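Sequences listed follow chains P and F, in order.
Numbered continuously in this note's numbering, the first sequence closes out at residue 1358.
Numbered continuously in this note's numbering, the second sequence closes out at residue 1358.
2 protein chains.
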Amino acid sequence: MVFGNLGDDCATGVAFTRDLSTGANELNGDFLINAQGEDVVAGIRTPQQITLSASRQRAQREGCSEDERKERNPALEEQMPDCFEQLKAVAHTLESHYSDVQDIEFTSEHGQLWMLQTRTAKRTAAAAVQIAVDMVYESLINEEQAILRVAPAQLDQLLHPILDPEAPKELIARGLPASPGAVSGEVVFSAEDAEAAVRAERQVILVRIETSPEDINGMNAAEGILTTRGGASSHAALVSRGMGKCAVVGCEALEIDYTQQAFQVRGTDLVFRAGDLITLDGSTGEVFQGRVPTSAPKMESPAFKALMTWADRRRRLRVRANADTPHDAQVARSFGAEGIGLCRTEHMFFEGDRIDAVREMILADDTIGRMRALEKIVPMQKADFVGILRAMEGLPVTIRLFDPPLHEFLPQTDKDLEELAGKLNIPVGRLHTKRNVLYELNPMLGHRGCRLGITFPEIYEAQVTAIMEAACELTRAGITVLPEIMVPLVGYKRELEILRKRIAHVCAEVIASQGATPHYLIGTMIEVPRAALRADHIAAVADFFSFGTNDLTQMTLGLSRDDSGKFLPDYVSQGIFPQDPFGALDLDGVGQLIELAVRKGRAVREGLKMGICGEHGGDPASVEFCHSIGLDYVSCSPYRVPIARLAAAHAVLKEQMANERRTSRKESVKPSGAVLAQG
Amino acid sequence: MVFGNLGDDCATGVAFTRDLSTGANELNGDFLINAQGEDVVAGIRTPQQITLSASRQRAQREGCSEDERKERNPALEEQMPDCFEQLKAVAHTLESHYSDVQDIEFTSEHGQLWMLQTRTAKRTAAAAVQIAVDMVYESLINEEQAILRVAPAQLDQLLHPILDPEAPKELIARGLPASPGAVSGEVVFSAEDAEAAVRAERQVILVRIETSPEDINGMNAAEGILTTRGGASSHAALVSRGMGKCAVVGCEALEIDYTQQAFQVRGTDLVFRAGDLITLDGSTGEVFQGRVPTSAPKMESPAFKALMTWADRRRRLRVRANADTPHDAQVARSFGAEGIGLCRTEHMFFEGDRIDAVREMILADDTIGRMRALEKIVPMQKADFVGILRAMEGLPVTIRLFDPPLHEFLPQTDKDLEELAGKLNIPVGRLHTKRNVLYELNPMLGHRGCRLGITFPEIYEAQVTAIMEAACELTRAGITVLPEIMVPLVGYKRELEILRKRIAHVCAEVIASQGATPHYLIGTMIEVPRAALRADHIAAVADFFSFGTNDLTQMTLGLSRDDSGKFLPDYVSQGIFPQDPFGALDLDGVGQLIELAVRKGRAVREGLKMGICGEHGGDPASVEFCHSIGLDYVSCSPYRVPIARLAAAHAVLKEQMANERRTSRKESVKPSGAVLAQG
C-alpha cells in the first residue's frame, strides 16, 4: 500500500494520456496534495490541474490573476516537477504498450510516483476520431485498428450539433428521439406561424399534436419539430429525418390547446405559450425549458476525413442515401453517398401549387380527367428529376413510383375540405363522398403502391414520362444519368410483369422522341413478406431488388410503427424486443426473410443488384448484416451516410478477423489431427 | 345421317337417365314429333314429355284435363311405346357403361331409335348427392367414387335455402357475397328497428352503411344483413358468417339516407323506404326487389347423411368449427364438428349490459380500476364458457383470449360518446381524451392480441380465471371438458413464454381452489408472419399451433381485407390473384409460410398439434392443402363443416390415387430398368 496523504510532499490523482473531449495529444487530469484516491472522487476538495496550461485556462475562466493562481491552484507540473516528468514518461510507456489512450490513477508518496491502475479511457466521438487518426500517424496502430476504434453509431454526435453536457438544463418532458440534433427556438403552433416567424428572422420550434403533408413548408422553416402523438414512422419523424431536422415525436406528456396557443405538461401547472423558448434534443427525445447551449458538428475535421477515406478503401458495400429533392441529393453527395437508393416521388406532390393539380387528379371521375391533371404535374416532376439526376451525375438514382394511398392528399378537416371545394369550384358534397369512398381502415395495407399503378395506369405512365424526359434532356447535355425506376409494394410476379411492360413501353416512346438513349433499370421494392417468399419468381422480371425494411418490418411483425408507441417501451423493458425493431433490423425474423429472398433471387438471376432502403440502412448492426448476406448497397438518410460507410468497413474487418481466427484454429488443430490419424 | 323430320312416325329429343334436379332414378326429358335437334333447342315449338308421369304433372300444373293432355301433349311413353322401351333400355346400358347419369340426344326415324350423342349430365347439388348414393346401392360405383362425385363446394347449396331458379327476379344491385343463403324481408335501417320489428313478428333485412358491435342484437334479429361499405372481413361479414345469417356487404351502388329512412340505387330513380320488401342472395351478392321464393336446405336427406358417413370414415383431418356461443356450439356439433377451433371471447363482451363493464375497464386509469371492472365480467364469461364447454362435452374447445384493440369497444360518434359519459357519470372530455389516446392509424397492426395481454396482464388473468372456473365446475359435474387456451398475435417466443407462465399460474390457482383437475392446453395462434418464421422457437413453449389464416394472409400479402374491395376485382380480372386470397388460401405465399412453420415446429416438438382457424378452413382447395402438409384439423364456420368434412375425404382419396399412379408408373418402369441394367 502506498499513501498520498502522508504530508504535503504526497499527492494522488487521475491522469488521461490525451484530451478525452477533443482528442488532443496532451497529458491532462486532476490531483490533490496530501490526499487519497477517495478524496478526488468524493468532491469535497476541488482538485488541481496536472498541466500548467490547464491550470492557466482554469484561472482565466475563473478570473484569477497569475499570482492568485500560483498561490491557490498550482499545477502538478510546477508544484512537483519531478513527479510530473515521471508521470509523463510512465503515461507515454503505458499508452505505447496498450496502443490506446489511458485513464491512470497515481499516487506520489514523498516524491516517489506509484501507479495504482490504468485502463482504456472513455472519450467523446470527436476525441475517438482524433485519437485513432493521430495514433496511426504516430505508428501506434494501423489504419484497420483506427477504423475499429470508432463505433459507427458514435459518429451521429459529429454530424449534428449536440447539447453542451456541462450546461444546466431543466427537463420538461420526454418523447421519442425521432431525428437527431439539438435546437432551441420559440414555440409556434402552426406551420403558417412557423413560416411567418422565420420570415421575421426568428428561430422557432413547431409544436403540433401531429403533422400532415400540408405542414411541410412550416416544418422546413422551423428549427425543430415537436409532436405529442405518433411514433418513429409518423409523418413528423419521417419528414424531419429526411430533412435532417431535429425532431421529438409522441411526447404524450404535453397537452396542446391550439385555441389557447399553449401547451401544458400533464400533471403539472407548467404551461408554455407561443413565443416561449424551448430546446429539443432529438438524439434523446428530451424537451427542455429555455435555450440550452449547443456545440457545432465536427465532421469537417481532417481527422474525420482521413478516417472515412481509410474506411471507404476497405468496405465492399456501397452506401447510398434516401433523398427526394435536388438539395437533399447535394447534401447526400457531400456526405459521401454513392447514389440515391430511394427517391420518393410523392413528397414532390405537396410543394406549392402542385397539391392542387394532385387533388384535381384524385377527384377526377375518369381516366381522361386524371390524365388532364397529370399533364400539369409531369413538367413539374420533370424539373425535379432534372435537378436530382444532375446532382447525382454519374451515380445511380433509384426513383420509387407513387406509393401512398390517395386519401393522404385530401384535406383532413371538414373546414379545409370546404375551402378546397371553393377553390376547385365543385360541390363540397362531392368532396365528402370522395373522401368517404377513399377512406381506409388500415391504409398501410390498402390501395397504395403498385396497386394504384395497376388500377390507374396513367399515374405511373405520367411519372415515367417525367423521369425519362429528364434523363434524355441531361443525356443530350452530356451528363451521365443512371435512373432506376422502382415499383413499390409488389407481392406477385404478375404485378411487376404488367407494370414493367407498361413502363418499358413509355421509356421506349420517350427515348424514340427525344433522340437520346440514357441507360435505365426497372426493378422493385421487396417490402411485402410475400415478395420475399416469391423472390425467385419476381426476380425473373426485375433488374434490381430494394428491400424496404420499414414496411417489411411492419408487415412481418404485424406491427404498425405509428401505433407501436403504446407498448414498445413495455416490449423492450420485458426483453421481448431486444431493441426497437424499426431502429435495428430484426435479424431473426425480418432478416431471415431478406436472406431467403437474396438466396432465391440470385438463384434465378445471378448478380441481381440488391440493396436496402429502409431506415435500417443507417444502423450499424443492420449494415453488418447487409454485408454478410451479400447485398450490394445500403441506403439511408443523408445524415447517416458516414455512419453506414464506417459500419460497412467494420463489417469487412470483422469478417476478416473471424476468417483469420477460423484459419488459425484450423491450423492449430491440423497437426494433432494428423497425429491422431497416425496413432 | 338420320332424320327425325320425315313424318309423324319420326321424332327427336333429349333424355336424362335420372332427374337432374332431385336425383330421382327416373328417365326423363323432352321430345318433338317430326323435328330435328335444332327444333328442340330453338324453343319455337314446345316439346312434349318423355314419360307419362312427367306429362301428367305438367298437365296438372297447366290445369289441363287428361283428355286435353292426351290430345295436345301426349308422352313418348304412350305415343311411341316401342321407341320409349328402346330408349329405356339404351339409357340403362349407357348409364351402366359410364357409371354415371347420362344426357342423351336421340332421334327416331320411322320407329327406329338412333342415339346421336351421350355425355355426363350436369346436376344440382341435391341430385349429385342422391345419384352418387343411389349408384352405390345399385352397385354401379363404390363409396370412394360416390364421395368424389360430389364437389365439396356444391354442398353450400344444401346447407342454406336458395332462390328458386325458375322464379322471376328484378335485380336492384350487386354487392359482395359475404354469407350464403337467400332471405327476404322488410327494409329497416337500424338495429333497434330490427329488434322491434321482429318482436312484432315481421321479417326484416337490416340495411346499414356498415355495422358495428353495437348492432349485434339487431343483426341477430334480422333475417339478413345488407351493407353499402366494407369487404369480406368487415364486421357485418364476419358476424353474419358466424351467425350463419345471409349477408351482402359493400353494395356501393346503394346510397343510404338514414334521416329519410330510405336508400336510392345510384344513377337511377329507384328508391326503397323502410318497410319495402327486398330479397338477398348471400351466395351471389345479389339484391332483388320484392320477395323471391326460396327452396329449403337439403342436409337432412338420408342420401346426404350416408355420403357424409362414408366421407368421415375416410378422412384423416379432423374438422372443427369456429363458434362463440353455446348456441353456435350446438349448431356446429349438429353439423358434425369435432371440436371448436376458434372461440372468440370478445364477442361475448358486447352482449347486453356487459359492454358497460367492458367500457369501465377500458376507461379505468390504473390496474386496480381495470381489475374492479373485470371482476364484473368474470362471472358473465364463466357462464358463457360453461355453456360452450358443456355443448362440446368430450371435444376440444380452443378459446382465444382477448384480441381486438380496445378502441373498438368505445362508441364511434360524438353523440354516443356523450350518452356514455352521462351513463358512467364522467366528464365527456375524459372520454374524448381516452378515444384520442387509443386511436390507431392501422389498428390491424396495433395494440391488440397478446400485446394487450403483455401490457394489461389483468385482462388475460380474468379470462383464464373464467375459463378454468367453468372447466372445474363441469369436471366436478362429471362432464369431460378439453379447454385449449389460445394466445393471439404472438410474434416472439418471449411473448408466449411470459404469458404462458402467467396463464399456467392462474390455472394452477383455480384448480387448487376448486378441487377438480380438468385437462387443459396452452397454445398460440400463428398469424403474424414472424411467428411462422420463428416457429421452431415458439414451438418450445406452445402445446399447439392454430394458423389464423385471415390475419396471416393480410400481413403476408400486405393486404387489408376491409380495404381490398377497391382493387380486388381488377386484381382478379388481370390474373394477378388467381382468386380472392381471403376465399382460397394463397398456397404459393401464405401456404409456403405455413408449410415452413409446420416443418420448423414439428422439428422441435414432434406431434405438435396444429390446425387452421381462418375462413379458409371451409374452402375445399385449402382443406386439401392442410391435409397435404400434415395439419391435424381445420376449423371453419359451423355452416361449412360438412364442406370441410367432404373436402378432407377428397384429399385422402386424391392422395391415394396419386400414390397408386406413382406406384403403377414405377412398376411399369422397373422391368425395363432391370433389363437395361442387365444389358
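Note that CB positions come from ideal geometry on N, CA and C, so glycine has one too.
From a predicted model like this one, the values you see are computed outputs, not experimental measurements.
Asked                                                                                                                                                                        : Found
Any idea what DSSP makes of residue 702 (chain F), helix, strand or coil?                                                                                                    : coil
Check the Cβ-Cβ distances between residue 1354 (chain F) and every residue of chain P, and say whether any is below 8 Å.                                                     : In this prediction, residue 1354 (chain F) scores a pLDDT of 44, lower than 50, which makes its location untrustworthy; no coordinate-derived value is stated.
Since residue 796 (chain F) sits in a beta bridge, which residues does DSSP pair it with?                                                                                    : F:784
Contact criterion: CB-CB distance below 8 Å. Does residue 1209 (chain F) meet it with respect to chain P?                                                                    : yes
Give me the chain F residues within the contact set of residue 1177 (chain P), using Cβ-Cβ distance strictly less than 8 Å, ordered along the chain.                         : 1253, 1255
I'd like to know whether the C-beta atoms of residue 961 (chain P) and residue 857 (chain P) end up nearer to each other than 8 Å.                                           : yes
Among F:1340, F:1346, F:1324, F:1187, whose alpha-carbon lies nearest the alpha-carbon of residue 990 (chain F)?                                                             : F:1324
Determine contact between the stretch 943 to 952 of chain F and the stretch 770 to 782 of chain F, defined as no fewer than three beta-carbon pairs at a distance below 8 Å. : no
Which one of P:1257, P:1255, P:1226 has the shortest CA to CA distance from residue 1294 (chain P)?                                                                          : P:1226
Tell me whether residue 1261 (chain P) sits in a helix, a strand or coil according to DSSP, three-state version.                                                             : coil
Can we say the stretch 839 to 856 of chain P touches the stretch 873 to 880 of chain P, given the rule of at least three CB pairs closer than 8 Å?                           : no
Could you give the DSSP three-state label for residue 1022 (chain P): helix, strand or coil?                                                                                 : strand
Between the stretch 1126 to 1141 of chain F and the stretch 1239 to 1250 of chain P, can you find at least three pairs of beta-carbon atoms closer than 8 Å?                 : yes
Going by C-alpha distance, which of F:844, F:1010, F:890 is nearest residue 972 (chain F)?                                                                                   : F:844
I'd like to know if residue 1133 (chain P) contacts chain F, where contact means its C-beta is closer than 8 Å to some C-beta of that chain.                                 : yes
From the beta carbon of residue 777 (chain P), is the nearest beta carbon of chain F less than 8 Å away?                                                                     : no
Quick test of your reading: residue 959 (chain F) and residue 928 (chain F), contact by CB under 8 Å. State the CB separation rounded to the nearest angstrom.               : That pair is no contact at about 10 Å.
For a test of the three-state rule: what should DSSP assign to residue 1284 (chain F), helix, strand or coil?                                                                : coil
Determine which residues share a DSSP beta bridge with residue 968 (chain F) and list them.                                                                                  : F:957
Does residue 1047 (chain F) pass the burial test, meaning 16 or more other C-beta atoms within 10 Å, or should it be called exposed?                                         : exposed
Quick one: what's got a C-beta closer than 7 Å to residue 1175 (chain F)'s C-beta in the same chain, skipping five residues either side?                                     : 1166, 1169, 1203, 1217, 1220, 1221
Please classify residue 1357 (chain P): does DSSP put it in a helix, a strand, or coil?                                                                                      : Note that residue 1357 (chain P) scores a pLDDT of 39, beneath 50, so its modelled location is shaky; the value from the coordinates is reported in the next line. If DSSP states are grouped into helix, strand and coil, residue 1357 (chain P) belongs with the helices.
Among F:799, F:1114, F:1105, F:1039, which one has its Cα closest to the Cα of residue 1092 (chain F)?                                                                       : F:1114
Buried or exposed: which applies to residue 1023 (chain P), given that a residue is buried once 16 or more other Cβ atoms fall within 10 Å of its Cβ?                        : buried
What does DSSP give as the partner residue(s) for residue 926 (chain P) in the beta ladder?                                                                                  : P:858, P:904
For the stretch 1192 to 1221 of chain P, which residues have a CB atom closer than 7 Å to at least one CB atom of chain F, in sequence order?                                : 1207, 1208, 1209, 1212, 1213
Sorted by chain position, which residues of the same chain lie with C-beta nearer than 7 Å to residue 1351 (chain P)'s C-beta, five sequence neighbours on each side aside?  : Here the model assigns residue 1351 (chain P) a pLDDT of 48, short of 50, so the residue's position is not dependable, and the following value carries that caveat. Around residue 1351 (chain P): no qualifying Cβ.
Within 8 Å, do at least three Cβ pairs link the stretch 1139 to 1152 of chain F to the stretch 1049 to 1068 of chain F?                                                      : yes
Tell me the DSSP bridge mates of residue 693 (chain P)?                                                                                                                      : P:709, P:784
Would you verify that the beta carbon of residue 903 (chain F) is, or is not, closer than 8 Å to some beta carbon of chain P?                                                : no
Using 8 Å for Cβ pairs, my map puts residue 905 (chain P) next to residue 806 (chain P). What's the rounded Cβ distance?                                                     : That pair is no contact at about 31 Å.
Output the distance between the C-alpha atoms of residue 714 (chain F) and residue 770 (chain F), rounded to the nearest integer angstrom.                                   : 21 Å
Identify whether residue 1352 (chain P) lies in helix, strand or coil by the three-state DSSP scheme.                                                                        : Its pLDDT being 42, under 50, residue 1352 (chain P) is placed unreliably in this model, and the coordinates cannot settle the point.
So, at 7 Å on beta carbons, what are the nonlocal neighbours of residue 1354 (chain P) in its own chain, with the 5 sequence-adjacent residues on each side left out?        : Residue placement at residue 1354 (chain P) cannot be trusted, given a pLDDT of 44 that sits under 50; what the coordinates show is reported in the next sentence. Hits under 7 Å: none found.
Does the beta carbon of residue 1357 (chain P) come closer than 8 Å to any beta carbon on chain F?                                                                           : In this prediction, residue 1357 (chain P) scores a pLDDT of 39, lower than 50, which makes its location untrustworthy; no coordinate-derived value is stated.
Quick check: what's the CA-CA separation for residue 1305 (chain F) versus residue 1097 (chain F)?                                                                           : 49 Å
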